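**Student:**
Numbering (this note's numbering), first residue to last: 1467 to 1843.
(1) Residue 1822: buried (16+ other C-beta within 10 angstroms of its C-beta) or exposed?
(2) Could you give the DSSP three-state label for residue 1541: helix, strand or coil?
(3) By the three-class DSSP mapping on this structure, what secondary structure does residue 1475 have?
(4) In angstroms with no decimal places, state the Cα-to-Cα distance between residue 1720 and residue 1714.
(5) What number of angstroms, rounded off, separates the C-alpha of residue 1423 from the C-alpha of residue 1838?
(6) Which value, in whole angstroms, describes the spacing of the CA atoms of residue 1817 and residue 1768?
(7) Given a threshold of 16 other Cβ atoms within 10 Å of its Cβ, counted over all protein chains shown, does residue 1761 qualify as buried or as exposed?
(8) Which residues does DSSP pair with residue 1768 in a beta bridge?
(9) Let me make sure I understand the geometry here. Which of 1828, 1521, 1842 has the alpha-carbon closest to that of residue 1633?
(10) Report, in whole angstroms, the separation of the C-beta atoms of residue 1630 and residue 1609, which I expect to be a contact under 8 Å.
(11) Give the DSSP-derived three-state secondary structure of residue 1727 in the structure shown.
(12) Roughly how many whole angstroms lie between the Cα atoms of residue 1647 and residue 1662?
(13) Determine the direct distance from the alpha carbon of residue 1603 to that of residue 1625, and round the result to whole angstroms.
(14) Give me, in chain order, the residues of the same chain whose beta-carbon lies closer than 8 Å to that of residue 1686; leave out the 5 immediate sequence neighbours on both sides.
(15) Should residue 1704 go down as buried or exposed, given a rule of 16 or more other Cβ atoms within 10 Å for buried?
(16) Note the first and the last residue of the continuous alpha helix (DSSP H) segment covering residue 1630.
(17) Quick one, are the C-beta atoms of residue 1801 and residue 1737 less than 8 Å apart?
(18) Under three-state DSSP, which class holds residue 1483?
(19) Indicate the three-state DSSP secondary structure (helix, strand or coil) for residue 1648 in the structure shown.
(20) Comparing alpha-carbon positions, which option in 1493, 1500, 1529 lies nearest residue 1515?
(21) What are the residues that DSSP puts in a beta bridge with residue 1701?
(22) Which of the three DSSP states, helix, strand or coil, is assigned to residue 1664?
(23) Measuring straight from C-alpha to C-alpha, what distance separates residue 1649 and residue 1627?
(24) Tell me whether the region 1537-1547 and the region 1722-1731 touch, counting them as touching only if at least three CB pairs, one residue from each stretch, are closer than 8 Å.
(25) With three or more beta-carbon pairs closer than 8 Å as the criterion, would you say the region 1504-1512 touches the region 1521-1529?
(26) Measuring alpha carbon to alpha carbon, tell me which of 1486, 1490, 1540 ends up nearest residue 1825.
(27) Excluding the 5 residues flanking residue 1741 on each side, which residues of the same chain have their C-beta closer than 7 Å to its C-beta?
(28) Once the 5 residues before and after residue 1727 are set aside, which same chain residues still bring their CB inside 8 Å of it?
(29) In terms of residues, what are the limits of the beta strand (DSSP E) holding residue 1521?
(30) Across which residues does DSSP place residue 1591 in a beta bridge pair?
(31) CA-CA distance, residue 1561 and residue 1501?
(32) Pair every Cβ in the region 1572-1579 with every Cβ in the region 1614-1623, then say whether three or more of these pairs are closer than 8 Å.
(33) Please confirm if residue 1809 has its CB atom under 8 Å from at least one CB of chain C.
(34) Do the CB positions of residue 1605 and residue 1564 come within less than 8 Å of each other?
(35) Does DSSP put residue 1504 in a helix, a strand or coil?
(36) Rounded to a whole number of angstroms, what is the C-alpha to C-alpha distance between residue 1756 and residue 1582?
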């Protein structure tokens, strides 16, 4: 059987949930499946990392690399007579692709943020998503999603047969693991001049990430910490940054809330390990990969109790209502001031993280490929 997969997201969405999913899914599929042949469509550097005896890698030029390009990849797929085409990045860019008795489409839909919270999505992406996704869902033989919550969202917005939707949770890269804390603290002291205790956030600055409420909560809490502790916000400075920075100035928190800007992926485990604990009070997630990264590093987690997040953290997190600033501030104090609680959460989070693996994800996906293939042959 010939399986085509659009893996451009491994490069174009590097550092995001979609990019991490695409890269790791394909690499682990190629470890376990030597029987089927794979056509892989890629546009980044180092395509050799996907090279196996049963792969044919199509390097897509910059001219055709956009996800809004409609014709180039579908034309190649038709010429190569692929049996299955898997679209791992929500299906944007394939509104003209048509399934048939001998050609089946599988799409991975990570979330439906453009439907649930359209005000948090860029206008161009929103327009294309709302226009194209209904068609792709209709044409797909099966839909993969990353949480039970996202499955229910797909059913809610599109009335899809639940039996058509398969949940394969994400996992983390192996670099996210417990490290020597003294080494980690010394590293960020030497490179970033961070020589203080801190609570960590990582995950972007879109409005749905709820950083505004996090800053308000921290402003209430930090004076009640048993030791001086800052809040570090990791990641590219964009989206709501100006609004958040104005809030920090207004609350006179310039010395207490720190934006680091971009941090290389290989250094993220060092920040996780060096932190006191991790906080993530998003109001909407399809999965919530940073939570799993933090738990894989054996860090205590303070998280939202909404959408997919309870699935990821289980009973290993201190869960809060993300709209309740007072509740969040009290939770920040509780974890910061209670070492027994923090240590307990660390043990639970590490145990919870072991439930997720790319091996499980890839095996479930391959099983679906084989099931769909029976509809063809």
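Don't be surprised by glycine CBs; every beta carbon is placed ideally from N, CA and C.
Values in this document were obtained by computation on a predicted structure and should not be read as measured data.
**Tutor:** So, from the listed chains and residues:
(1) Label assigned to residue 1822: buried.
(2) helix
(3) helix
(4) 6 Å
(5) Beyond the ends of the chain as shown, which are 1467 and 1843, falls residue 1423; an answer cannot be given.
(6) 16 Å
(7) buried
(8) 1745, 1784
(9) 1828
(10) Contact annotation, residue 1630 with residue 1609: C-beta distance approximately 6 Å; criterion of less than 8 Å satisfied.
(11) For residue 1727, the three-state secondary structure derived from DSSP is strand.
(12) 13 Å
(13) 11 Å
(14) 1791, 1792, 1795
(15) The residue is exposed, with fewer than 16 neighbouring Cβ atoms inside 10 Å.
(16) Counting along the chain, no alpha helix (DSSP H) covers residue 1630, and no H or E run does either.
(17) no
(18) helix
(19) In the structure shown, the three-state DSSP call for residue 1648 is helix.
(20) 1493
(21) 1727
(22) strand
(23) Roughly 51 Å separates the two Cα atoms.
(24) no
(25) yes
(26) Closest by alpha carbon: 1490.
(27) 1664, 1665, 1666, 1765
(28) 1701, 1702, 1703
(29) 1521-1525
(30) Paired residues: none, contrary to the question.
(31) 30 Å
(32) yes
(33) In the structure shown, chain C does not exist; there is a single protein chain.
(34) Yes. Within cutoff.
(35) strand
(36) 21 Å
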